[in-house]
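For what it's worth, the working numbering labels the leading residue of the sequence shown as 197, then goes sequentially.
Take a look at the structure below.
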Amino acid sequence: MNKVTAQMSVSLDGFYAGPKHVGGPEDWTASAEAAGFFRVTRWVLDAMAWRDRLGYKGGEQNTNSDIIAETWAAAGAYVMGRRMADGGLESWGDVPPFRAPVFVVTHRPQKTLVRQGGNSFTYVTDGIASAIDQARAVAGGKNVAVAGGGHLLRQVLKDGLLDELELHIAPVVLGTGMRLLREDLRLADKEAIELTPTRVIHTPEVTHIRYTVNGRGALAADGRSSGDISGVSDLR
Ligand SMILES: NC(=O)c1ccc[n+]([C@@H]2O[C@H](COP(=O)([O-])OP(=O)(O)OC[C@H]3O[C@@H](n4cnc5c(N)ncnc54)[C@H](OP(=O)(O)O)[C@@H]3O)[C@@H](O)[C@H]2O)c1
């Protein structure tokens with residue numbers, strides 16, 4: 197069965213954009229939110245695969261570009277938060293880069309937008325699980341990719357709907373901004389979400405770490421804490 201995957205570029209201190217912009221979309225590009233976003237996604241903006249898709253000239257054909265191309269090839273449909281869709285639709289032009297159906301999670305009903313190149317944006321108001329189901333139905337056996345933003349991705353993780361997470365960690369400390377993994381994951385005391393790293397690719401611009409999401413688990417002191425590992429089953 198196809199997987200539900202997610203990708204996010206973050207700073208070393210875990211921010212996917214700068215502090216949330218409170219003005220209108222017209223001045224978003226000049227905002228602190230955008231400045232942080234453009235820094236952590238600089239590796240994307242410089243990559244040939246991204247620039248090609250948007251019809252921009254130039255760009256670098258390198259490992260980062262290969263990773264973007266690989267991600268697109270693996271995805272048959274996308275799920276996206278309404279804020280990301282609003283911002284992106286301003287800048288992606290007539291042919292957005294997805295070339296596949298996109299399901300936008302929102303509380304605000306809106307007519308489906310059809311753009312060139314196989315792009316469509318269907319607004320889903322009955323929840324994230326429904327958006328994922330609708331995406332899966334048209335993904336043709338490929339992955340359903342959660343494209344962002346962080347608010348949406350966190351809920352997909354919180355609700356146990358995510359199979360695979362890939363973080364692209366840019367070597368920069370932003371100090372403040374929109375943090376990807378934070379308290380509204382609503383983990384209980386002594387509870388955690390466990391992941392297994394399955395691939396690490398390092399480049400000078402960014403480190404790509406892919407994880408399988410194992411799910412929620414209990415945190416408890418076991419024999420390790422007293423030095424007795426006789427009953428510890430997963431000692432590595
Ligand atoms: N660093 C990266 O790799 C990366 C990638 C993508 C985006 N971004 C950045 O992320 C920012 C946008 O992300 P964000 O976290 O602010 O917002 P977001 O996740 O894109 O969208 C949040 C919106 O999605 C809707 N939504 C979320 N959960 C919902 C639910 N359970 N039911 C119904 N609707 C729901 C709501 O829309 P309504 O208000 O319409 O109800 C909510 O306001 C932008 O700065 C963008 O540039 C960064």
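Quick reminder that beta carbons are idealized off the backbone N, C-alpha and C, glycines included.
Note that the structure is predicted; figures quoted are calculated from it, not measured.
Heavy atom of ligand 1 within 7 Å of residue i beta-carbon
i: Leu348; result: yes
i: Arg235; result: no
i: Ile324; result: yes
i: Tyr212; result: yes
i: Met204; result: yes
i: Gly345; result: yes
i: Thr302; result: yes
i: Gln330; result: no
i: Gly277; result: yes
The beta strand (DSSP E) enclosing residue i, as first and last residue numbers
i: Asn410; result: 403-414
i: Ile365; result: 360-365
Under 8 Å between C-beta atoms of residue i and residue j
i: Glu229; j: Gly251; result: no
i: His303; j: Thr321; result: yes
i: Glu390; j: Thr201; result: no
Top-ranked residue by Cα proximity to residue i, from the options
i: Gly356; options: Val301, Leu309, Gly413, Arg332; result: Gly413
i: Ser207; options: Ser422, His364, His398, Ser261; result: His364
i: Ala416; options: Tyr407, Ala384, Thr392; result: Ala384
i: Ala273; options: Asn410, His217, Val334; result: Val334
Cβ-based burial, residue i [other Cβ within 10 Å; buried from 16]
i: Thr237; result: buried
i: Arg395; result: exposed
i: Ala343; result: buried
i: Val241; result: Here residue 241 turns out to be Leu, not Val, going by the sequence shown. Label assigned to Leu241: exposed.
Where the alpha helix (DSSP H) containing residue i begins and where it ends
i: Ile264; result: 259-270
i: Gln330; result: 324-334
i: Ala281; result: 278-287
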